[in-house]
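Here the structure comes first, spelled out in structure tokens, and everything after it is commentary.
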Amino acid sequence: MLDAGREFGNDARFTIGVSQSIRVDMPTPNDFLIAPSILSADFARLGDEVNAVLSAGADVVHFDVMDNHYVPNLTIGPLVCDALRKHGVTAPIDVHLMVNPVDRLVGDFAAAGATYISFHPEASEHVHRTISLIRSAGAKPGLVFNPATSLDWLDYCLEEIDLVLIMSVNPGFGGQSFIPSSLAKLRAARQRIEASGRDIRLEIDGGVKIDNIGEIAAAGADMFVAGSAIFGSDDYRTTIAAMREQIAANV
Ligand code: DX5
Ligand code: ZN
């Protein structure tokens with residue numbers, strides 16, 4: 000059972016026990032987290048790519064799971080998550096499930112070392128049950144909102160989750176353009192999170208670049224997925240540093 004706890008703690012390190020004991024580095028609560036999406040990595044060298052972005056200053060590994068059913072693309076599953084842990088990856092792994100059905104995969108990803116497991120409410124028959132399943136499997140539950148999905152889902156489950164993920168593109172592919180209405184949605188989600196008084200991450204996913212990450216941070220995001228902007232750049236460290244500079248200049 001994974002037991003990283005809801006609070007990250009100040010020494011920023013936890014030992015979690017999944018199938019084998021894996022040491023996971025957890026960020027401190029108020030950090031702005033950069034989460035490169037490995038969808039844009041070179042899959043032939045995935046372990047090296049993940050090590051490279053983490054040593055270049057990334058905080059979290061964003062792991063996009065697509066099933067050619069909920070979204071029109073097919074990517075990676077729990078075996079790859081497990082392989083990254085066995086490769087020595089200790090950073091949090093942020094599993095973004097774009098699959099239907101959801102529940103069947105939850106236990107497998109938790110056992111494979113997922114830190115967060117988030118899903119789209121439209122893809123689950125019983126949203127509250129799926130959230131509980133993720134929690135009881137030992138991972139941190141997150142709910143994902145497509146560009147046209149209302150935040151009203153949060154009315155009855157914000158208390159149960161650790162992550163709100165706002166999609167700023169339609170899910171399925173890397174390299175798409177940021178949808179501007181996502182900024183208003185981030186502000187609305189930030190208000191809900193503050194009103195709850197709970198420690199809930201607000202993540203943005205899709206079209207995040209150096210030149211828009213500042214306004215995204217100003218709208219309330221504290222966790223930033225970036226795929227093509229990081230893996231498509233010549234120097235991961237320079238790109239991540241430039242993103243952090245833009246965040247710091249705008250919050
Ligand atoms: C899209 C995925 C994203 C994607 C982001 O369905 O959820 O994580 O990889 O890629 P970029 O940053 O290139 O838009
Ligand atoms: Zn994603």
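Counting in numbering that gives the first Met the number 0, the sequence shown runs from 0 upward without gaps. Just so it is clear, CB atoms sit at the ideal spot from N, CA and C, and this is done for glycine as well.
Can you list, in chain order, the residues of its chain whose CB lies under 6 angstroms from that of residue i, leaving out five sequence neighbours each side?
i, result
"S167", "F177, I178, S181, I203, G205 and G206"
"I215", "I203"
"V88", "V49"
"G226", "S36, L38, S39 and G173"
"I133", "V105, I116 and P140"
"N145", "M166"
"S123", "V101 and T129"
"R243", "none"
"L253", "For the chain, the structure presents residues 0 to 250; residue 253 sits outside this window and is missing."
Per DSSP, what kind of secondary structure is residue i in: helix, strand or coil?
i, result
"S131", "helix"
"I246", "helix"
"R197", "coil"
"G174", "coil"
"D63", "strand"
"E48", "helix"
"P35", "strand"
"G141", "strand"
"Y235", "helix"
"S54", "helix"
"S227", "helix"
"I212", "helix"
"E158", "helix"
"I92", "strand"
"T27", "At T27, the pLDDT of 49 sits below 50, so the modelled position is not reliable; the number obtained from the coordinates is stated separately. The answer is coil: DSSP assigns T27 none of H, G, I, E or B."
"D204", "strand"
"I192", "helix"
"V163", "strand"
"S117", "strand"
Given a threshold of 16 other Cβ atoms within 10 Å of its Cβ, counted over all protein chains shown, does residue i qualify as buried or as exposed?
i, result
"Y235", "buried"
"S135", "exposed"
"V224", "buried"
"Q190", "exposed"
"G173", "buried"
"D30", "exposed"
"V60", "buried"
"L78", "exposed"
"H125", "exposed"
"N211", "buried"
"D233", "exposed"
"A110", "buried"
"A188", "buried"
"S18", "Because S18 sits at a pLDDT of 43, beneath the cut-off of 50, its placement in the model cannot be relied upon, and the following sentence gives the value as read from the coordinates. Flag for S18 reads exposed."
"L73", "exposed"
Please go through the same chain and pick out, in chain order, the residues whose beta-carbon is closer than 7 angstroms to the beta-carbon of residue i, but skip the five residues on each side of it.
i, result
"P71", "G171"
"G231", "S39"
"I229", "P35, V52, Y235, T238 and I239"
"D252", "It is not possible to answer for residue 252, since the shown part of the chain is limited to 0 through 250."
"I192", "V163, I199 and L201"
"G213", "Q245, I246, A248 and N249"
Can you give the beta carbon distance from residue i to residue j, rounded, assuming they're within the 8 angstroms contact cut?
i, j, result
"G141", "L164", "5 angstroms"
"H95", "V64", "7 angstroms"
"D102", "T129", "6 angstroms"
"N249", "A220", "The Cβ separation is near 11 angstroms, so there is no contact."
"F108", "C80", "6 angstroms"
"I209", "A247", "The pair is not a contact, with the Cβ atoms about 13 angstroms apart (cut-off 8 angstroms)."
Counting only the same chain and skipping the five closest in sequence on each side, list residues whose C-beta sits under 8 angstroms from that of residue i.
i, result
"H127", "Y155, C156 and E159"
"H68", "V98 and N99"
"D161", "R5, Y115, K139, P140, G141, D198, I199 and R200"
"R186", "A218 and G219"
"T66", "Going by the sequence as given, residue 66 is Asp instead of Thr. Here the set comprises L73, M97, V98 and N99."
Test item, CB below 5 angstroms from any non-hydrogen atom of the ligand ZN:
Sorted by chain position, residues whose beta-carbon lies closer than 5 angstroms to a non-hydrogen atom of the ligand ZN are D63, H95 and D204.
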